[in-house]
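To keep things clear, I will list the structure first and then write my remarks on it.
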Amino acid sequence: MFKTVGPLEIVVILVIVLLVFGVGRIGKLGGELGKGIRAFKDGLAGKLDEDQDVNENNDNIKDAS
């Protein structure tokens with residue numbers, strides 16, 4: 001039934017989305033999506049930093065023993 005989605009189908013879907021949401025609203029959604037992705041990446045980086053701090057503290061405790 002649905003083998004592939006071709007370029008014509010993608011254009012039709014984009015036109016329908018533009019008609020439903022409007023240009024301004026799509027721009028806001030894109031901006032919010034970008035902020036969310038950035039916050040997610042920052043959160044992952046922060047989590048990795050915390051893990052490194054814990055490992056360093058464990059090493060310090062082992063050295064002190």
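Mapping of the sequence shown onto our numbering: residues 1 to 65, in sequence order.
Cβ atoms here follow ideal geometry from the backbone N, Cα and C, with glycine treated the same way.
Please read all numbers here as calculations on a predicted model, not as lab measurements.
Just to confirm, is the Cβ distance from residue i to residue j under 9 Å?
i, j, result
"residue 26", "residue 17", "yes"
"residue 21", "residue 29", "yes"
By how many angstroms is the C-alpha of residue j removed from the C-alpha of residue i?
i, j, result
"residue 41", "residue 34", "11 Å"
"residue 19", "residue 32", "20 Å"
"residue 24", "residue 15", "14 Å"
"residue 46", "residue 6", "41 Å"
For residue i, name the three-state secondary structure that DSSP assigns.
i, result
"residue 5", "coil"
"residue 30", "helix"
"residue 36", "helix"
"residue 46", "helix"
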